[in-house]
Amino acid sequence: MKATIALLPGDGIGPEICAEARELLELVAEKDGHTFKLKEGLIGGCAIDAYGDPLPEETVKLCAKADAVLLGAVGGPQWSDPNAKVRPEQGLLRLRAQLGVFANLRPVAPHPVAAKLAPLKTRLLKGVDILFVRELTGGSYFGAKRREADAAVDECRYTVTEIERVTRKAALLARGRRAKLTHVDKANVLETSRLWRSTVTRVMRDEFPDVAVEHLLVDAMAMYLLTRPASFDVILTENLFGDILTDEASVLAGSMGLLPSASLGEGRVGLYEPIHGSAPDIAGQGIANPYATLLSVALLLRHSLGLETEAARIEQAVADVLDEGVLTADLSRKHAVSTREAGEAVRKRYRK
Ligand code: ATP
Ligand code: MG
């Protein structure tokens, strides 16, 4: 197939991990007979330095024409002055808005190697294979904000349409997995949560009778994620709860360096990135873990290009090299490999 992929390495370790992603994409194209046009653009702090704008017009145009966007990470101490007018993270928020990506997907399926690093009993992590679907463009993060004399307000607003479209996305994904959807809200106290609960219930009953649904309150969910994580398949929730729960869930995976994410909109447009940040403390040293970014490439191939075989082969290659003990410094103190070595190990596996 033919596809144009925008590569936005960003700041910190972004360029190092994206270099591995680029080589993997080139390998997939070559081995499986695809034509990928890979086009790089600036975003975040490096774009502020070059253009005074964290999402320059060139990058907007590049992404608008692409079939998918792969991002490294944005931000760093040199751009984090709280009084600064422009901040790297604004570039990412604007890009999400431009692409209209309203569903944020985060798979959490801890590999045994990483599970050992998790501060949780390994027995609890056995069989954990969760897919979070977090609503990304509504709720209190985007509602009206204001200050009053001695008060502050963040409005939390959701429309039925916003809830329906992300519910359908989550339900379709559940259908392709273990056909179970856990919807998380706070319907005992929040009006938006009551709308979520009734809308999710209706959409699932009318359109997805084959998918089992459970509703849980977010406070209980915070507990269940650590006591019975293996009982969940797809977890659907609104923006703020999803932000908190997905960070909690990343602990299940042992390392930040292993978790990919996808942000999807209508159709096939998608933005793919590792969940970790720009890790300025280790940037430029060639020791960052590239696996989360390579797994994000797998999600890109699956969700935006429909290349399921290639996606699964990348996931298997990463699992295999972890089994073999090809570990970066965040996963192992002894015999740590470099970013390049880890990337090459995955490519070698993929070639086989
Ligand atoms: P952000 O605000 O951008 O999310 P953050 O401060 O929350 O940044 P990260 O940049 O993700 O966090 O880094 C948190 C810690 O995890 C750092 O010590 C960093 O070095 C480490 N880390 C993050 N990503 C990786 C990676 N891919 N490989 C190795 N270590 C990593
Ligand atoms: Mg962070």
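Heads up: the sequence shown begins at 1 in this note's numbering, then just goes up one per residue.
Think of the CB as a built atom: it goes at the ideal place given N, C-alpha and C, for glycine as much as any other residue.
Exercise. Give the C-beta separation of Arg368 and His215 to the nearest angstrom, bearing in mind that I take them to be a contact with Cβ-Cβ under 8 Å.
Key: The structure shown does not extend to residue 368, since the chain is modelled only from 1 to 352, so the question has no answer here.
Quiz item: Would DSSP call Glu155 helix, strand or coil?
Solution: coil
Quiz item: Under a Cβ-count criterion, where at least 16 other Cβ atoms within 10 Å of its own Cβ denotes burial, should Pro290 be classed as buried or exposed?
Solution: buried
Exercise. State the Cα-Cα distance for the pair Glu40 and Ala66, rounded to the nearest angstrom.
Key: 11 Å
Quiz item: Using a threshold of 7 Å, is the CB atom of Asn364 nearer than that to any non-hydrogen atom of the ligand ATP?
Solution: Within the shown structure, residues of the chain are numbered from 1 to 352, placing residue 364 beyond reach of any answer.
Quiz prompt | Stretch pair the stretch 149 to 163 + the stretch 180 to 187: three plus CB contacts closer than 8 Å | solution = no
Quiz item: Below 8 Å between beta carbons: does that hold for Ile287 and Thr339?
Solution: yes
Quiz item: Can you tell me the Cα-Cα spacing of Pro15 and Leu42, whole angstroms?
Solution: 11 Å
Exercise. Output the boundary residues of the alpha helix (DSSP H) element that contains Val218.
Key: Val218 to Thr227
Self-check item: Start-to-end residues for the beta strand (DSSP E) that takes in Glu238
Solution: Per DSSP, Glu238 belongs to no beta strand (DSSP E) and is neither H nor E.
Exercise. State the beta-bridge partners of Ala262 as determined by DSSP.
Key: Leu105 and Tyr272
Quiz item: Would the beta-carbon of Ala73 be found less than 7 Å away from any heavy atom of the ligand ATP?
Solution: yes
Exercise. Reducing DSSP to helix, strand and coil, say where Val346 ends up.
Key: helix
Quiz item: Considering only residues of the same chain and omitting the five flanking positions on each side of Asn188, which have a CB-CB separation below 8 Å?
Solution: Leu217
Quiz item: So what does DSSP say about Asp81, is it helix, strand or coil?
Solution: coil
Quiz item: Just to confirm, does Ala292 get its C-beta within under 7 Å of one of the non-hydrogen atoms of the ligand ATP?
Solution: yes
Exercise. Please list the segments of the alpha helix (DSSP H) lying wholly inside the stretch 113 to 152, counting only runs of 4 or more residues, in order along the chain.
Key: 122 to 125
Exercise. Compute the minimum distance between the beta carbon of Met223 and the heavy atoms of the ligand ATP, and state whether it is under 7 Å.
Key: no
Exercise. Please list the segments of the beta strand (DSSP E) lying wholly inside the stretch 182 to 210, counting only runs of 3 or more residues, in order along the chain.
Key: none
Quiz item: When we look at the beta-carbon of Arg146 and count the other beta-carbons within 10 Å, is it buried (16 or more) or exposed?
Solution: exposed
Quiz prompt | Option in Asp320, Gly343 and Lys352 with minimal Cα separation from Glu23 | solution = Gly343
Practice problem: Taking only the alpha-carbon atoms, compute the straight-line gap between Val346 and Leu322 and give it to the nearest angstrom. | Solution: 10 Å
Quiz item: DSSP on Leu329, reduced to helix/strand/coil?
Solution: According to the sequence displayed, residue 329 carries Ala and not Leu. Coil, per DSSP.
Self-check item: Whole-angstrom distance between Met221 and Ala64, CA atom to CA atom
Solution: 37 Å
Quiz item: Under a three-way DSSP split, which group does Ala249 fall into?
Solution: helix
Quiz prompt | Three CB pairs or more closer than 8 Å across the stretch 92 to 107 and the stretch 27 to 41 | solution = no
Quiz item: Just checking my contact of Leu55 with Gly91 at CB under 8 Å: how many whole Å lie between their CB atoms?
Solution: 4 Å
Exercise. Tell me Lys39's beta-bridge partners as DSSP assigns them.
Key: Ala6
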